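Residue 7 is where the sequence shown starts when you use the working numbering, and the numbers rise one by one after that. Glycine included, C-beta positions come from ideal geometry on N, C-alpha and C. Small disclaimer: the values here were computed from a predicted structure and weren't measured. Step one of this worksheet: look at the structure below.
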Amino acid sequence: MTYGPHQINTPVVALALCGYAAAQDFGVPLSWRKFSNTRPLNERISIAQAAIDAILPQLNTATAEFNGIGFWQSGNVCEWLSFSSAVTWLKYDTPKFNDDAMWWATAAVYAHRAYGDPAMLSHAVDTWNHVSTFAITPAQASAGRHPAKSFTLAGTCDGKSMAGGVFWRPTADDQGVNSVTTGLYLTLSAFLAEITGDQKYTNAAIQSANWMRSLNINSKNLALDTVNAHDCSRSPDSWIFTYNSGKLIEGLSVLSHVTGDNQWDTLMGNVLIASTKGAPWQGSNGVITEGSSPNSNNDGVGFKSVLIRGLHEAFERSPNNALRILVHSYVDVQYNALLDLAANGSTYSSSWAGPPQGFTTWGQLAALDVMTSAINAN
Ligand SMILES: *[C@@H]1O[C@H](CO)[C@@H](O)[C@H](O)[C@H]1NC(C)=O
């Protein structure tokens with residue numbers, strides 16, 4: 007059961023051209039736990055500030071990494087610490103994973119957005135140039151070879167071109183093309199297109215968006231994980247993670263803004279509805295339970311904050327009031343869960359449904375996006 011605005015926002019013309027379902031149901035499920043907020047702005051700001059202050063002592067300023075969490079998660083947290091001195095920490099030389107390089111590059115884009123620092127933009131561009139050598143072009147797909155890879159490339163999988171997919175790892179024999187790497191590349195490309203106006207970034211973003219749409223979204227509009235670019239084998243259907251859909255939502259909302267092309271907005275809306283209402287990472291109360299790990303860090307803990315960030319970007323950019331109400335309500339569900347069920351002072355468990363516990367770096371990091379999103383989304 008749902009309440010709230012139900013809107014048909016796909017014009018008939020676009021429907022005929024694109025073939026998407028016309029009705030997008032952005033209604034908020036009544037079964038969700040506490041989907042509104044009563045705290046005034048100044049209180050929400052102090053709550054977020056206290057949450058950020060609690061993680062700062064864990065920062066190792068020599069390496070720009072945080073004690074107790076992994077390298078990609080450090081890139082992730084630095085998006086919230088995007089002040090100028092961060093430039094000295096950024097990782098220019100690509101590590102073993104292309105997604106790691108782009109977590110840091112995306113942090114640089116956020117820092118550029120906040121402070122206009124040109125060094126941040128150069129870092130993002132350098133990373134884009136580097137990772138672009140691991141994206142699959144239409145010519146490489148047709149030729150069945152990729153210059154960075156030692157195996158025969160499957161030019162199509164399931165009858166769809168592999169162009170636009172991005173390899174997860176630089177290693178010559180690693181065959182995986184996945185959603186997070188391709189979604190990060192889509193997002194980084196779209197941001198750079200917006201900042202520079204250079205069409206090459208727009209084209210790259212469109213190509214990766216097409217790859218996601220045609221090859222790595224399931225019938226419920228949730229992002230799948232990995233396609234093998236040699237034999238087209240796939241990760242299990244059950245590998246449905248918040249961050250894969252989260253990065254897709256973020257990238258599509260920027261791309262939609264850059265191109266003004268309604269097909270990306272429609273696709274973004276479909277993935278957003280599925281991610282907030284039809285997802286396996288929560289029960290009927292709406293509280294995200296993915297990556298609940300009281301005793302040890304694991305990558306999955308940081309995934310859910312990436313979904314919240316993507317939803318926040320969509321909220322900021324979308325003119326669709328029904329979409330904005332849905333995101334606002336979903337963020338408030340997580341916010342109220344963290345504050346009511348998972349808080350110990352200003353520190354938060356990675357288990358958003360509780361119980362509270364002592365401070366962990368990974369739990370604190372995962373909570374930051376909710377705290378900061380709740381400032382704006384209310
Ligand atoms: C709250 O955090 C403190 C400090 O880390 C810890 O000693 C305490 O056990 C925590 N309380 C609960 C209820 O988990």
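Spatial distance of N184 from Y336 (CA atoms)
26 Å
Within the chosen definition, does the stretch 190 to 205 reach the stretch 256 to 263 through at least 3 CB pairs nearer than 8 Å?
yes
What residue range is occupied by the uninterrupted beta strand (DSSP E) comprising N304?
Here N304 belongs to no beta strand (DSSP E), and DSSP marks it neither H nor E.
Using C-beta distances below 7 Å, list every residue in its chain close to I53, excluding the 5 sequence neighbours before and after it, in chain order.
M377
Anticipated Cβ contact below 8 Å, A57 with L374, distance rounded:
Indeed, because the Cβ distance is near 6 Å, the residues count as touching under 8 Å.
If contact is defined by three or more beta carbon pairs under 8 Å, each pair taking one atom from either stretch, is the stretch 277 to 284 in contact with the stretch 212 to 230?
Between the stretch 212 to 230 and the stretch 277 to 284, the count of Cβ pairs shorter than 8 Å is three or higher; the stretches touch.
Beta-ladder partner(s) of L230, from DSSP
DSSP lists no beta-bridge partner residue for L230.
Going by DSSP, what residue range makes up the beta strand (DSSP E) through G289?
Looking at the DSSP string, G289 is not in any beta strand (DSSP E), and its letter there is neither H nor E.
Counting C-beta neighbours from all protein chains within 10 Å, is the total for S251 16 or more, i.e. buried, or is it exposed?
buried
Measure the alpha-carbon distance for R323 versus A130 and round it to whole angstroms.
Taking C-alpha positions only, R323 is separated from A130 by approximately 21 Å.
Does the Cβ of Q370 have 16 or more other Cβ atoms within 10 Å, making it buried, or fewer, making it exposed?
Buried is the call here.
Pairing CB atoms from the stretch 215 to 223 with CB atoms from the stretch 146 to 160, are three or more of them under 8 Å?
no
Provide the residue(s) that pair with T265 in DSSP beta bridges, ordered along the chain.
T265 is not bridged to any residue.
Same chain, Cβ closer than 6 Å to G284, neighbours up to 5 away in sequence not counted:
Annotation for G284: K226 place their beta carbon closer than 6 Å to its own, counting only its chain and skipping 5 residues before and after.
At which residues does the alpha helix (DSSP H) containing G189 begin and terminate?
185 to 202
Identified DSSP bridge partners for G182:
N234
With 16 other CB atoms within 10 Å as the buried threshold, where does A211 fall?
buried
Q370: first and last residue of the uninterrupted alpha helix (DSSP H) it sits in:
367 to 382
Would you report the Cα separation of W95 and L36, rounded to the nearest angstrom?
Legend: pLDDT at W95 = 48, less than 50; position of this residue unreliable, value from coordinates given subsequently. Distance between the alpha carbons of W95 and L36: 45 Å.
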